[in-house]
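Here's the structure, in structure tokens; my notes come after.
There are 2 protein chains.
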Amino acid sequence: MTLITSQFLDNLPVAVPPWSGYPRYNFVGGNIDPETMAIAGLSEKARSAVKKHGPAMAYYNMGNGPLGFELLRDRIADRMNQQRGMDITGDHVLITSGSAQGLDLLNLSFVTEGDTVILEQHTYAFGAIQLKKLGARILPAPLDAKGIEMNGLEKTLQDLASQGIRPKFIYTIPTVQNPTGSILPLERRHRLIELARQYRVPIIEDECYSELMFHPNRPPSIYALAPDVTIYVGSFSKTLSPAMRLGFVVAPPEIVSQIAALKSDSGTSSMAQAIVAEFLVDGYDDHVHQVSSALLHKLDIITAALNREFGTSIDVHRPTGGLFVWLTFPEGFDTRRLTAPAGKEGIIFNVGPDWSIDADAGMRNMRLCFAHLPDKVLEDGVAALAQVCFLEAGFPKRGANSERT
Amino acid sequence: MTLITSQFLDNLPVAVPPWSGYPRYNFVGGNIDPETMAIAGLSEKARSAVKKHGPAMAYYNMGNGPLGFELLRDRIADRMNQQRGMDITGDHVLITSGSAQGLDLLNLSFVTEGDTVILEQHTYAFGAIQLKKLGARILPAPLDAKGIEMNGLEKTLQDLASQGIRPKFIYTIPTVQNPTGSILPLERRHRLIELARQYRVPIIEDECYSELMFHPNRPPSIYALAPDVTIYVGSFSKTLSPAMRLGFVVAPPEIVSQIAALKSDSGTSSMAQAIVAEFLVDGYDDHVHQVSSALLHKLDIITAALNREFGTSIDVHRPTGGLFVWLTFPEGFDTRRLTAPAGKEGIIFNVGPDWSIDADAGMRNMRLCFAHLPDKVLEDGVAALAQVCFLEAGFPKRGANSERT
Chain S
1 MTLITSQFLD NLPVAVPPWS GYPRYNFVGG NIDPETMAIA GLSEKARSAV
51 KKHGPAMAYY NMGNGPLGFE LLRDRIADRM NQQRGMDITG DHVLITSGSA
101 QGLDLLNLSF VTEGDTVILE QHTYAFGAIQ LKKLGARILP APLDAKGIEM
151 NGLEKTLQDL ASQGIRPKFI YTIPTVQNPT GSILPLERRH RLIELARQYR
201 VPIIEDECYS ELMFHPNRPP SIYALAPDVT IYVGSFSKTL SPAMRLGFVV
251 APPEIVSQIA ALKSDSGTSS MAQAIVAEFL VDGYDDHVHQ VSSALLHKLD
301 IITAALNREF GTSIDVHRPT GGLFVWLTFP EGFDTRRLTA PAGKEGIIFN
351 VGPDWSIDAD AGMRNMRLCF AHLPDKVLED GVAALAQVCF LEAGFPKRGA
401 NSERT
Chain R
1 MTLITSQFLD NLPVAVPPWS GYPRYNFVGG NIDPETMAIA GLSEKARSAV
51 KKHGPAMAYY NMGNGPLGFE LLRDRIADRM NQQRGMDITG DHVLITSGSA
101 QGLDLLNLSF VTEGDTVILE QHTYAFGAIQ LKKLGARILP APLDAKGIEM
151 NGLEKTLQDL ASQGIRPKFI YTIPTVQNPT GSILPLERRH RLIELARQYR
201 VPIIEDECYS ELMFHPNRPP SIYALAPDVT IYVGSFSKTL SPAMRLGFVV
251 APPEIVSQIA ALKSDSGTSS MAQAIVAEFL VDGYDDHVHQ VSSALLHKLD
301 IITAALNREF GTSIDVHRPT GGLFVWLTFP EGFDTRRLTA PAGKEGIIFN
351 VGPDWSIDAD AGMRNMRLCF AHLPDKVLED GVAALAQVCF LEAGFPKRGA
401 NSERT
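Chains S and R are the protein sequences, given in the same order.
Note that the first sequence covers residues 1 to 405 in my numbering.
Note that the second sequence covers residues 1 to 405 in my numbering.
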């Protein structure tokens with residue numbers, strides 16, 4: 001222990017290990033495809049945006065106050081109105097450093113020790129981790145192939161009401177659910193809104209994958225249907241770059257300005273804000289279509305590989321969009337058994353319990369990100385994973401038309 | 001109260017007010033000059049950096065792990081070695097979203113309720129505010145025209161040691177002190193290091209203004225002299241853009257990786273990191289010289305205006321570099337008296353108590369930022385401020401060679 005480290009608090013998280021790069025078969029996280037990055041468009045907009053908005057960058061927040069760059073906020077509002085059925089202006093938009101910061105600010109605005117919140121049974125891991133740190137009691141909303149199962153949710157709300165408990169919010173990813181890939185049908189959205197109004201519980205709607213759909217029919221966002229009960233969170237991480245750290249929150253102005261009061265970072269990076277503001281009106285639409293097509297191609301590759309290598313021994317839940325495929329292994333199997341042996345073969349993935357409110361409910365699940373790997377690596381990685389699974393657990397017995405040994 | 005706002009915690013900070021722009025004579029904050037922004041260089045590097053590093057932006061942290069973009073970390077290390085006398089590699093560098101985030105992470109790593117820390121009597125306001133939130137007991141190190149007065153600091157350390165208290169750290173801005181503009185001479189740096197070692201108290205060295213000197217002689221950084229007791233914080237906010245949100249922490253790798261464990265933002269924006277990595281080796285040096293010259297010119301303008309309008313009724317502390325001039329009003333005067341009447345005339349400034357550990361010690365002080373305003377606005381603003389002061393407090397009686405009325 002040095003003079004400096006002896007003064008550190010003794011409850012700090014474990015230090016970050018030296019970085020050694022990604023393993024060969026990296027199915028983890030929400031990275032996107034380097035091949036379909038909008039490099040030509042973004043690099044040209046980078047030049048022109050810095051030229052055009054550079055003088056404003058002499059000021060904190062580009063001289064536009066803590067909600068973020070006004071031009072970007074206006075253009076996000078336009079896009080939300082056109083694409084997601086909203087009726088908002090830039091005053092409804094708070095720019096954040098990734099949608100994760102938006103969720104952080106919301107958690108901090110609503111939740112303190114002992115508060116109850118409702119999250120989908122399988123959900124975005126990092127939001128749930130922060131809620132646990134804040135001391136929240138997290139209850140799961142049951143999911144089926146179409147998202148939240150509303151009778152189950154109603155029962156939970158009833159039970160809580162009978163104990164005098166009003167949950168702080170219901171957090172949902174309705175459009176391309178993470179990790180299950182489902183899309184919540186319009187009638188369920190209406191039912192969710194009814195329940196939210198009846199039990200006076202706000203909805204936090206996370207749409208960070210909704211631009212990347214595999215078919216053209218998306219119901220309108222929940223915010224569009226019910227701005228009185230909903231706060232919306234969006235992101236450019238999955239369409240443009242996760243490393244750019246640019247997301248946004250949509251809510252009525254009095255709510256956005258309250259959430260913004262907790263944003264203590266002196267603003268989100270102007271470079272990303274200026275560049276995306278320019279790209280959003282000239283290139284973004286085409287880019288999103290290209291990325292969605294490329295993702296659908298990759299989904300077909302990984303699905304074929306999973307079918308070829310695993311056969312009927314696992315269920316592959318075909319997502320409606322996005323970056324992930326969610327797998328269900330046989331009853332009683334724990335996917336965490338595969339983590340160590342797969343790691344030795346250079347294969348990493350997300351195990352279901354890490355993406356579930358009840359670890360048991362996700363025990364036999366696994367999430368694979370297929371967005372960023374070349375086709376051949378996807379195929380080889382799935383084959384390698386099946387082989388690890390066979391050696392560890394005795395299945396799948398057949399793969400790629402031959403018996404495993 | 002709406003369904004949503006009724007669920008907010010009841011101890012939230014005040015919502016941010018609607019943004020109405022800056023007043024005419026804005027002497028507040030650390031904005032820089034739009035006229036001397038490196039727009040041509042940065043816009044060209046923006047294009048080339050996104051082209052070159054765009055594929056890496058498909059990955060969180062550009063595939064480089066939580067310490068930040070490796071190329072930028074290496075180039076910051078090179079610059080610190082050349083310019084600040086250090087002997088480090090990129091492994092000593094953590095990229096942060098502004099130096100403010102670096103200070104946040106350090107405060108969170110060291111300080112909990114009841115801990116004692118030592119800050120300079122006049123200091124960066126926001127760091128002190130966060131320390132208060134954490135429940136720290138903040139003691140002032142006395143300042144004179146050359147920075148920390150070491151006998152006074154020694155006495156404080158002795159007193160604390162006699163009570164069995166070892167402060168968590170000494171936070172200092174040694175090179176262009178904020179707000180006083182002083183520079184800590186080499187012999188005092190050595191004395192500070194001796195005291196830090198003797199009392200086993202780490203030094204946090206904030207050098208966010210040290211690139212912007214008005215004369216070529218800077219002593220080496222304290223970190224360069226004593227990496228065993230020092231953590232260094234740097235920034236590109238004052239040389240490139242405060243809105244870019246790019247800063248860094250320098251410390252031995254085991255310390256940097258511990259601090260990084262608290263960085264929960266999924267990385268600092270790649271756009272800024274990639275662009276600055278390219279500009280740092282091709283354009284930054286010339287740019288820093290140009291900005292420093294332009295700031296010296298503006299300092300001469302505001303100093304002449306202050307002398308012309310205030311005469312001998314106030315003391316003007318000429319800074320050794322940076323963006324600010326620090327004023328001392330007559331004994332017993334409270335600069336907060338001027339805030340409201342000046343506000344009515346479109347003049348805003350930072351009052352001394354907001355930048356002081358003991359509000360009383362800063363009562364008759366005022367900080368003016370002169371970096372971002374055109375010459376004529378600086379002159380008119382100082383004249384308007386003097387007139388407000390005369391009407392409110394009866395001085396200065398003469399200004400610009402005529403009697404005030």
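Backbone N, C-alpha and C define an ideal beta-carbon position, used for all residues, glycine too.
Exercise. Does DSSP put W355 of chain R in a helix, in a strand, or in coil?
Worked result: Counting from 1 along the second sequence, the entry for residue 355 of chain R is found at position 355. Three-state result, W355 of chain R: helix.
Problem set entry | Interface residues of the region 27–51 of chain S facing chain R [CB-CB below 9 Å] | G29, G30, N31, I32, D33, P34, E35, T36, M37, A38, I39, A40, L42, S43, E44, K45, A46, R47, S48, A49, V50 and K51
Exercise. Does the separation of the CB atoms of V250 of chain S and Y223 of chain S fall below 7 Å?
Worked result: Taking the first residue of the first sequence as 1, we reach residue 250 of chain S at position 250. Taking the first residue of the first sequence as 1, we reach residue 223 of chain S at position 223. In contact: V250 of chain S and Y223 of chain S (Cβ atoms closer than 7 Å).
Exercise. Between the beta-carbon of A141 of chain S and the beta-carbon of L131 of chain S, is there less than 7 Å?
Worked result: Counting from one through the first sequence, the residue named residue 141 of chain S turns up at place 141. Counting from one through the first sequence, the residue named residue 131 of chain S turns up at place 131. Going by C-beta atoms, A141 of chain S is not nearer than 7 Å to L131 of chain S.
For this session: In the DSSP assignment, find the unbroken beta strand (DSSP E) run with S235 of chain S in it and report its ends.
Result: Counted from its first residue, the first sequence places residue 235 of chain S at position 235. That run of the beta strand (DSSP E) goes T230 to S235.
Exercise. Taking the C-alpha atoms as reference points, what is the distance between G30 of chain R and G234 of chain R?
Worked result: Translated into positions along the second sequence, residue 30 of chain R becomes position 30. Translated into positions along the second sequence, residue 234 of chain R becomes position 234. Between G30 of chain R and G234 of chain R, the C-alpha separation is close to 15 Å.
Exercise. So is K409 of chain S in contact with chain R if we call contact Cβ pairs under 7 Å?
Worked result: There is simply no residue 409 of chain S to check, as chain S begins at 1 and stops at 405 in what is shown.
Problem set entry | D334 of chain S versus S:L106, S:A359, S:G267 and S:M363, residue with shortest Cα-Cα distance | As a position in the first sequence, residue 334 of chain S is number 334, starting the count at 1. The shortest Cα separation from D334 of chain S among S:L106, S:A359, S:G267 and S:M363 belongs to S:M363.
Exercise. Using DSSP with H/G/I as helix, E/B as strand and the rest coil, what is Y199 of chain S?
Worked result: In the first sequence, the residue the question calls residue 199 of chain S occupies position 199. Y199 of chain S: helix per DSSP, three-state reduction.
Problem set entry | Counterpart residues of I348 of chain R in DSSP-defined beta bridges | Here residue 348 of chain R corresponds to residue number 348 of the second sequence, with the count starting at 1. DSSP output for I348 of chain R lists R:N26 as bridge partner(s).
For this session: Return helix, strand or coil for I138 of chain R, following the three-state DSSP convention.
Result: As a first step, residue 138 of chain R is located in the second sequence; it is residue number 138 there, counting from the start. Residue state, collapsed to three classes: strand.
For this session: Express the C-alpha separation of A274 of chain S and D91 of chain S in angstroms, rounding to a whole number.
Result: As a first step, residue 91 of chain S is located in the first sequence; it is residue number 91 there, counting from the start. As a first step, residue 274 of chain S is located in the first sequence; it is residue number 274 there, counting from the start. If I take the Cα positions, the gap works out to 18 Å.
For this session: Output the boundary residues of the beta strand (DSSP E) element that contains T172 of chain S.
Result: On the first sequence, position 172 is the one that residue 172 of chain S refers to. I170 to T172 is the extent of the beta strand (DSSP E) around T172 of chain S.
For this session: Kindly say whether R245 of chain S, judged by its beta-carbon, lies nearer than 7 Å to any beta-carbon of chain R.
Result: On the first sequence, position 245 is the one that residue 245 of chain S refers to. Cβ-Cβ to chain R under 7 Å: yes for R245 of chain S.
Exercise. Excluding five sequence neighbours on each side, which residues of the same chain lie with their C-beta closer than 8 Å to the C-beta of G181 of chain S?
Worked result: Residue numbering aside, residue 181 of chain S sits at position 181 when the first sequence is read from its first letter. Closer than 8 Å at Cβ, skipping near neighbours: H317, R318, P319, T320, G321, G322, F324, V325 and W326.
For this session: Decide if the region 2–14 of chain S is in contact with the region 256–273 of chain S; the criterion is three or more beta carbon pairs, one per stretch, under 8 Å apart.
Result: no
Problem set entry | Contact set between the region 318–341 of chain S and chain R, restricted to residues whose Cβ is under 7 Å from the partner | none
Exercise. Anyone know if the C-beta pair for I32 of chain S and A371 of chain S falls short of 7 Å?
Worked result: By 1-based counting over the first sequence, the position of residue 32 of chain S is 32. By 1-based counting over the first sequence, the position of residue 371 of chain S is 371. Taking 7 Å as the Cβ cut-off, I32 of chain S and A371 of chain S qualify as a contacting pair.
For this session: Along the alpha helix (DSSP H) that carries L12 of chain S, what are the first and last residues, could you check?
Result: Within the first sequence, numbered from 1, the residue matching residue 12 of chain S stands at position 12. Looking at the DSSP string, L12 of chain S is not in any alpha helix (DSSP H), and its letter there is neither H nor E.
Exercise. Got a sec: which bits of the region 99–113 of chain S sit with their beta carbon under 9 Å from any beta carbon on chain R, in order along the chain?
Worked result: A100, Q101, D104, L108, S109, F110, V111 and T112
Exercise. How would you write the range of the beta strand (DSSP E) that V281 of chain S sits in, first residue to last?
Worked result: One-based indexing of the first sequence puts residue 281 of chain S at position 281. Where V281 of chain S is concerned, there is no enclosing beta strand (DSSP E), given that its DSSP letter is neither H nor E.
Exercise. Which value, in whole angstroms, describes the spacing of the CA atoms of L105 of chain S and G98 of chain S?
Worked result: Start at 1 with the first residue of the first sequence, and residue 105 of chain S comes out as number 105. Start at 1 with the first residue of the first sequence, and residue 98 of chain S comes out as number 98. So the alpha carbons of these two residues sit roughly 11 Å apart.
Exercise. With DSSP run on the structure shown, which of helix, strand or coil describes L67 of chain R?
Worked result: By 1-based counting over the second sequence, the position of residue 67 of chain R is 67. Note: L67 of chain R maps to coil in three-state DSSP.
For this session: Determine contact between the region 293–311 of chain R and the region 370–384 of chain R, defined as no fewer than three beta-carbon pairs at a distance below 8 Å.
Result: yes
Exercise. Tell me which same chain residues have a C-beta within less than 7 Å of the C-beta of T210 of chain R, skipping the five on either side of it?
Worked result: Start at 1 with the first residue of the second sequence, and residue 210 of chain R comes out as number 210. What sits at residue 210 of chain R in the sequence shown is Ser, not Thr. Excluding five sequence positions before and after S210 of chain R, the CB atoms of its chain that fall closer than 7 Å to its own CB belong to T175, V176 and R218, given in chain order.
Exercise. On the three-state DSSP scale, how would you describe R166 of chain R?
Worked result: Taking the second sequence and counting its residues from 1, the one referred to as residue 166 of chain R is at position 166. The answer is coil: DSSP assigns R166 of chain R none of H, G, I, E or B.
For this session: With 9 Å as the C-beta to C-beta threshold (strictly closer), list the residues of the region 5–21 of chain R near chain S in chain order.
Result: T5, S6, Q7, F8, L9, N11, L12, P13, V14, A15, V16, P17, P18, W19, S20 and G21
Exercise. Could one say the Cβ of Q198 of chain R lies closer than 7 Å to chain S's Cβ atoms, at least one of them?
Worked result: For this step, residue 198 of chain R is matched to residue 198 along the second sequence. Chain S, which has no Cβ nearer than 7 Å to the Cβ of Q198 of chain R, makes this no.
For this session: Look up T328 of chain R in the DSSP assignment and say whether it is helix, strand or coil.
Result: On the second sequence, residue 328 of chain R is found 328 positions in, with the first residue counted as 1. The answer is strand: DSSP assigns T328 of chain R an E or B state.
Exercise. Pick from S:N401, S:P253 and S:G65: whose alpha carbon is nearest that of D87 of chain S?
Worked result: As a working mapping, residue 87 of chain S is identified with position 87 in the first sequence. The shortest C-alpha separation from D87 of chain S is found at S:P253.
Problem set entry | Other residues of its chain near H215 of chain R: CB distance less than 6 Å, five sequence neighbours each side excluded | Working through the second sequence from its first residue, we reach residue 215 of chain R at position 215. Excluding residues within five positions, none has a Cβ falling inside 6 Å.
Exercise. In this structure, does DSSP put M343 of chain S in helix, strand or coil?
Worked result: Residue 343 of chain S sits at position 343 when you count from the first residue of the first sequence. For clarity, residue 343 of chain S is Gly in the given sequence; the question names Met instead. In this structure, G343 of chain S counts as helix in the three-state DSSP scheme.
Exercise. Contact between the region 158–166 of chain R and the region 192–212 of chain R: three or more CB pairs below 8 Å?
Worked result: Taking a contact to require three or more Cβ pairs closer than 8 Å, the region 158–166 of chain R and the region 192–212 of chain R qualify as touching.
Problem set entry | Per-residue contacts from Y171 of chain S into chain R (C-beta, under 7 Å) | Working through the first sequence from its first residue, we reach residue 171 of chain S at position 171. None at all; the shortest Cβ gap to chain R is about 13 Å.
Exercise. Buried or exposed: where does F279 of chain R fall if 16 or more other Cβ atoms within 10 Å of its Cβ makes it buried?
Worked result: Against the second sequence, residue 279 of chain R aligns to sequence position 279. With 16 or more other Cβ atoms from the protein chains shown falling within 10 Å of its own Cβ, F279 of chain R counts as buried.
Exercise. Helix or strand or just coil, what does DSSP make of N401 of chain R?
Worked result: Here the question's residue 401 of chain R lines up with position 401 in the second sequence. Taken through DSSP and simplified to helix, strand or coil, N401 of chain R comes out as coil.
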